[in-house]
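Asker:
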Amino acid sequence: MGRGKIVIQRIDDSTSRQVTFSKRRKGLIKKAKELAILCDAEVGLIIFSSTGKLYDFASSRCLCTTFWQREAAVLRQELHALQENHRQMMGEQLNGLSVNELNSLENQIEISLRGIRMRKEQLLTQEIQELSQKRNLIHQENLDLSRKVQRIHQENVELYKKAYMANTNGFIHREVAVADDESHTQIRLQLSQPEHSDYDTPPRANE
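0 is the number of the first residue of the sequence shown in numbering that gives the first Met the number 0; add one for each residue after it.
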């Protein structure tokens with residue numbers, strides 16, 4: 000039986016996709032080497048994985064050097080264009096620009112300013128919302144602290160009342176005890192007074 004036809008579409012399973020990538024990459028590099036040897040061709044191959052890892056192959060060192068030289072030249076041109084555009088947006092080196100180019104530059108600056116203002120407004124709105132949330136939290140904390148202070152004050156008042164009632168009751172009890180002691184003392188004093196007996200010496204008669 001012949002092998003079934005493989006449907007060319009993205010492999011959903013990450014493990015299977017990685018295994019397939021490794022096998023196909025090795026096979027592609029092998030085919031590139033064979034093409035370079037069999038046909039006496041200069042072959043260069045660059046592969047980027049889904050994670051951004053680079054795999055490359057060059058049939059000769061000269062080809063690899065030429066490729067990177069071209070890449071470096073392209074990058075230098077892009078850098079020069081970006082630097083020139085930046086200077087023009089800063090208002091420098093405008094002498095060689097036409098009216099249409101100046102209008103285009105002005106539109107770019109206006110678009111940039113609009114984006115900057117929108118971002119600034121967004122940040123200010125976020126800061127205002129954060130400050131409002133902090134203010135609400137502080138207000139709630141102040142309310143909680145005020146309730147705690149009132150509760151502590153009420154507890155202190157109740158404790159003061161209890162202490163005052165206890166002291167008052169003790170003072171009354173002491174007064175009653177002192178009064179009882181005084182009455183008992185008076186009774187004891189009255190009971191301890193000496194009485195006249197029949198054996199007292201009679202008064203002498205006048206001689």
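C-beta: ideal position from N, C-alpha, C; glycine also.
1. Would you grab the beta carbon distance between L34 and V42 for me? Rounded to a whole angstrom, and I think it's under 8 Å.
2. Between F56 and I28, which are expected to be in contact by the criterion C-beta below 8 Å, what is the C-beta distance as a whole number of angstroms?
3. What is the DSSP secondary structure of A57, reduced to helix, strand or coil?
4. Quick test of your reading: L93 and Q87, contact by CB under 8 Å. State the CB separation rounded to the nearest angstrom.
5. Going straight from the alpha carbon of M89 to that of T64, what length do you get?
6. Have a look at L104 and H85 and give me their C-alpha separation to the nearest angstrom.
7. Could you pull out every residue in the same chain whose Cβ sits closer than 8 Å to the Cβ of L144, ignoring the five residues on either side in sequence?
8. Could you tell me which uninterrupted beta strand (DSSP E) segments, each at least 3 residues in length, are contained entirely in the segment 50-109, listed from first to last along the chain?
9. Apart from the five residues on each side of it in sequence, which residues of its chain come closer than 7 Å, Cβ to Cβ, to G51?
Answerer: Reading it off the structure:
1. Counting from one through the sequence shown, the residue named residue 34 turns up at place 35. Counting from one through the sequence shown, the residue named residue 42 turns up at place 43. In this structure L34 is in contact with V42, their Cβ atoms being roughly 5 Å apart against a cut-off of 8 Å.
2. Position 57 of the sequence shown, counted from the start, is the residue given in the question as residue 56. Position 29 of the sequence shown, counted from the start, is the residue given in the question as residue 28. With 8 Å as the limit, F56 and I28 qualify as a contact, their Cβ atoms being about 5 Å apart.
3. In the sequence shown, residue 57 corresponds to position 58, counting from 1. Three-state result, A57: strand.
4. As a position in the sequence shown, residue 93 is number 94, starting the count at 1. As a position in the sequence shown, residue 87 is number 88, starting the count at 1. At roughly 6 Å, the Cβ-Cβ gap stays under 8 Å, so L93 and Q87 are in contact.
5. Your numbering for residue 89 matches position 90 in the sequence shown. Your numbering for residue 64 matches position 65 in the sequence shown. Each residue's Cα considered, the two are about 37 Å apart.
6. Residue 104 sits at position 105 when you count from the first residue of the sequence shown. Residue 85 sits at position 86 when you count from the first residue of the sequence shown. So the alpha carbons of these two residues sit roughly 10 Å apart.
7. Taking the sequence shown and counting its residues from 1, the one referred to as residue 144 is at position 145. Excluding positions up to five away in sequence, the list is empty.
8. Listed in chain order, the beta strand (DSSP E) runs fully inside the segment 50-109 are 53-57, counting runs of at least 3 residues.
9. The sequence position of residue 51 within the sequence shown is 52, counting from 1. No residues qualify anywhere along the chain.
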